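Residue numbers (my numbering): 1 to 359.
Beta carbons are placed, not taken as given, at the ideal position from N, Cα and C, and that holds for glycine.
These numbers were taken from a predicted model, which means no experiment stands behind them.
Here's the structure we're looking at; comments come further down.
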């Protein structure tokens, strides 16, 4: 029976992985598609969709497993043996096959009897709290080495999958959120499983065992991971693309300025040629052309940058240099490598191999 349940849990985990990856994630991406809803509404709809779907799926899984021993007997984790015994006597009378008209009366009575036997034995009760019904069937005992090995297999495999699923620029924040959630979940599981008593408050979770809490976290993590993927891709701002557009616009602006400066330079040269061609022709306002106000270098040569043509040439040279720098920046951005989908399919194959290798 335990092998069948273990195989069922592995199949359920594999089914959840494919369900959230290939069905839930595309549906969430459809909700978050730009322009479909307002930004705030898109985020609210996506979160509500993921939370409702995860709650329904987790609830169906727990309903399929049935109530735990505490819920079945109607007692809490803090109930003493006397309270458990009183409750069992009452239920045994109600559910006895001689008095219970249900066709499953014998099975219901056996479940109550099994729950009573486990909870009345302090050692079996501790094993049940930590490992659930499977731990009782496998005669399991807490071993730190075994616990760390099992936890390591689960968290390492999911960490590798989360890494491959969140590859690429758009998934940078999603990777941080997912791995942070995975680490927090590991910390909670270690604290819960290594504590002598259940750290959960009985007033809020009177019948929830450590095994149930770990099972809930493991069941909700695929939904959390795919939610992070969807939200991270939606909230991602491509700064490189914006910078590329800005640089391209700057490059076009520089080219337009260079064309204008070329026309101005040609016009200035034409004016100078027509003004000084015949020696007695018209000159520019301000009197005769004189070199007394033109700066002279130490070697006696005239500084060409002080003339209008020199200034234009200097500005043109700077714009050419700026244009070259912008072109290099744009080229470097265009040559950035993009993530490939090969890692995604490799991750899926790896998950299937790990699942059946350690099952």
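Subject >> Residue ranges of each alpha helix (DSSP H) within the segment 25 to 99, 4 or longer >> reply: 25 to 31, 39 to 65, 69 to 73 and 81 to 95
**OP:** Measuring alpha carbon to alpha carbon, tell me which of 218, 35, 207 and 231 ends up nearest residue 153.
**Re:** Against the chain shown, residue 153 aligns to sequence position 153. Checking every option, the nearest Cα to that of residue 153 belongs to 218.
Subject >> Exposed unless 16 or more other CB atoms sit within 10 angstroms - verdict on residue 107 >> reply: In the chain shown, counting from the first residue as 1, residue 107 sits at position 107. So residue 107 counts as exposed.
**OP:** Go ahead and pull the three-state DSSP assignment for residue 202.
**Re:** For this step, residue 202 is matched to residue 202 along the chain shown. Residue 202: coil per DSSP, three-state reduction.
Original post:
For residue 74, which residues of its own chain have a beta-carbon under 6 Å away from its beta-carbon, when the five flanking residues on both sides are left out?
Top reply: The residue given as residue 74 occupies position 74 in the chain shown. These residues qualify, in order along the chain: 87.
Subject >> residue 141, enclosing alpha helix (DSSP H) - first and last residue >> reply: Taking the first residue of the chain shown as 1, we reach residue 141 at position 141. Unbroken run through residue 141: none, as it is neither H nor E.
**OP:** Enumerate in chain order the residues of its own chain whose CB-to-CB distance from residue 116 is below 6 Å, with the five nearest sequence positions on each side excluded.
**Re:** Position 116 of the chain shown holds residue 116. Taken in chain order, the residues that qualify are 88.
Original post:
Do three or more CB pairs link the segment 168 to 177 to the segment 233 to 244 at distances below 8 Å?
Top reply: yes
Subject >> Nearest candidate by alpha-carbon position, reference residue 209, set 256, 47, 133 and 169 >> reply: Residue mapping note: residue 209 aligns to position 209 of the chain shown, counting from 1. Nearest of 256, 47, 133 and 169 to residue 209, Cα basis: 133.
**OP:** Taking residue 114 as the reference, give the member of 67, 141, 159 and 158 with the closest Cα.
**Re:** Within the chain shown, the letter at position 114 stands for residue 114. Ranking 67, 141, 159 and 158 by Cα distance to residue 114 puts 67 first.
Original post:
When you compare each of 49, 17, 168 and 123 to residue 30 by their alpha carbons, which one comes out closest?
Top reply: The residue labelled residue 30 in the question sits at position 30 within the chain shown. Residue 30 has its Cα closest to that of 49, out of 49, 17, 168 and 123.
Original post:
First and last residue of the alpha helix (DSSP H) that includes residue 222?
Top reply: As a first step, residue 222 must be located in the chain shown, where it is residue number 222. Start and end: 210 to 235.
Subject >> Member of 320, 64, 81 and 140 whose CA lies at the smallest distance from the CA of residue 120 >> reply: Against the chain shown, residue 120 aligns to sequence position 120. Of the candidates 320, 64, 81 and 140, the one whose C-alpha sits nearest the C-alpha of residue 120 is 81.
Subject >> Cut-off 6 Å between Cβ atoms - residues of its own chain near residue 187, not counting five sequence neighbours on either side >> reply: Against the chain shown, residue 187 aligns to sequence position 187. Contacts found: none.
Original post:
With a CB to CB cut of under 7 Å and the five nearest residues on each side skipped, what residues in its chain are close to residue 207?
Top reply: The sequence position of residue 207 within the chain shown is 207, counting from 1. Only 68, 70, 71, 76 and 77 meet the Cβ criterion.
Subject >> Where residue 21 sits in the DSSP three-state scheme >> reply: In the chain shown, the residue the question calls residue 21 occupies position 21. Looking at residue 21 - three-state DSSP - the assignment turns out to be helix.
Original post:
Going straight from the alpha carbon of residue 140 to that of residue 62, what length do you get?
Top reply: As a position in the chain shown, residue 140 is number 140, starting the count at 1. As a position in the chain shown, residue 62 is number 62, starting the count at 1. Between residue 140 and residue 62, the C-alpha separation is close to 22 Å.
**OP:** Pick helix, strand or coil for residue 104, following the three-state DSSP scheme.
**Re:** As a first step, residue 104 must be located in the chain shown, where it is residue number 104. Three-state result, residue 104: coil.
Original post:
Rounded to a whole number of angstroms, what is the C-alpha to C-alpha distance between residue 184 and residue 164?
Top reply: As a working mapping, residue 184 is identified with position 184 in the chain shown. As a working mapping, residue 164 is identified with position 164 in the chain shown. Roughly 20 Å separates the two Cα atoms.
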